[in-house]
Amino acid sequence: MAKDYYQILGIERNASEEDIKKAYRRLAHKHHPDKGGEAGKFKELNEAYQILSNREKKDQYDRFGNVFEGGQPGWDFGQGAGFGFENMKGGFSQGFDQADLGDLFEEFFGFGSGRRKKDFKKGKDIEIDIEINLEDTLKTLEKEISLYKMAVCSRCQGKGAEPGAKVNECFSCRGTGQVQQIRKTIFGSITRTAVCPECGGEGQKPESLCNVCKGEGRVKAEDKIRIFIPAGIDSNQMIKVEGRGEAGRKGGRIGDLYIRVFVKKHPVFKRKGDDLFVSLPISFSQAVLGDEVEAPTIDGKKILLKVPAGVESGKVLRISNKGITHFSTYGRGSMYIELIIKTPKKISKKQKELLEKLKEEGL
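Be aware that the sequence shown starts at 77, since it is given in this note's numbering, and climbs by one per residue.
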């Protein structure tokens, strides 16, 4: 089975050259044998990077899942395959154009047809991380964020042409956005339909390109976005904001914005689902006689808690509706208070005398 080099580097198939390089450097540093990493894993990372960082090799791999060159794994049809040549492994017959192989398999066998339909004009999705406080999960949080991204060109409104410029039908494709190409292969001449290289599939060309975006229909710009984080959200949950990613080329569909939320640890409360847990110290006399004590809440307001007489250390009391707001439903979780009997490290002379008397009384 062919190796998935994208999975090995932990990247998407549409990753840029810079993304590929960053992923390789990060993983190579982590798995380097000199740093205690596994040699086999390090070799596999190098192999993946050698293929994906080379445009020609990457193109072959994207088409067939293999790279056709000496010493590399490739298609092996064997003599029994009946294609008129012995073996494609390790090279091709003289005069055979390796670049044509992708088109050959796509047209003759139907390989790769799904990738041909990809929307290349669509803008990229953006993913960001946001950290919030535990208290912020009690109600819907409104925040304004600022992103520096590809945005619709304000001069041409994403069209790529100078305002007022005449737009003509593409001479090469006659407005269809597609052209037919004839390729000579070992199977004979094959006609295929491809995106017009002259107009990029638009079917038309402006007489003058936009002076700002140079025909792209988008430019790098700052975008301030108001987002809403729903109440009850937990760490590692993601929010999708449609149409707030990067702008597409020449009016193409705008990508989406994905916001991954992380909730900070609280110094007092521990969260488990929508419930909160907190420890409350009480004195020995309060545990024996019972009392009313103040207990903290995540809202910031203290409540009066009745400590039953004769309570033992570690007793947990439940207070309903004082936890975290339920995500996408009504109500709140509970707060669980663990009573801890504290033992003083230092006592006064009078306290000591009283304790001695209690000791005599068997307490």
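A virtual CB, placed ideally from N, CA and C, is assigned to each residue, including glycine. These numbers come from a predicted model, not from an experiment.
TODO: Just confirm the distance between the C-beta atoms of K326 and G251, as a whole number of angstroms; I'd bet it's less than 8 Å.
DONE: With 8 Å as the limit, K326 and G251 do not qualify as a contact, their Cβ atoms being about 15 Å apart.
Task: Pairwise C-alpha distance: A124 and N130 - done: 10 Å
TODO: Would you kindly work out how many angstroms separate the C-alpha atoms of E183 and I330, rounded to a whole number?
DONE: The pLDDT assigned to E183 is 44, lower than 50, so where the model puts this residue is not dependable; a value taken from the coordinates is nonetheless given after this. Their backbone Cα atoms lie some 31 Å apart in a straight line.
Task: Beta-carbon proximity of I423 to L333, cut-off 8 Å - done: no
TODO: Answer yes or no: do C275 and E238 have a C-beta to C-beta separation smaller than 8 Å?
DONE: no
Open item on the list: So, for K418: in the same chain, excluding its five sequence neighbours on each side, which residues have a beta-carbon less than 6 Å away from its beta-carbon?
Closed with: P357
Open item on the list: Check this for me: beta carbons of K269 and Q254, under 8 Å apart or not?
Closed with: Before going further, note that residue 269 is Thr rather than Lys in the sequence given. Result yes, Cβ atoms of T269 and Q254 sit closer than 8 Å.
TODO: Please say whether V354 and I413 have beta carbons closer to each other than 8 Å?
DONE: yes
- [ ] With DSSP as the reference, label S222 as helix, strand or coil.
- [x] strand
- [ ] Please list, in chain order, all residues of the same chain as E318 whose beta carbon is under 7 Å from its beta carbon, the five residues on each side excluded.
- [x] D332
Open item on the list: What does DSSP give as the partner residue(s) for G264 in the beta ladder?
Closed with: T261
TODO: Tell whether a beta-carbon distance below 8 Å holds between S311 and F338.
DONE: yes
- [ ] Starting from the N-terminal side, write out each stretch of the beta strand (DSSP E) that is 3 residues or longer and does not extend beyond the segment 370-422.
- [x] 379-383, 392-395, 411-417
Task: Neighbour-count burial assignment, V392, 16 or more Cβ in a 10 Å radius - done: exposed
Task: Reduced DSSP secondary structure (H/G/I, E/B, other) of C229 - done: coil
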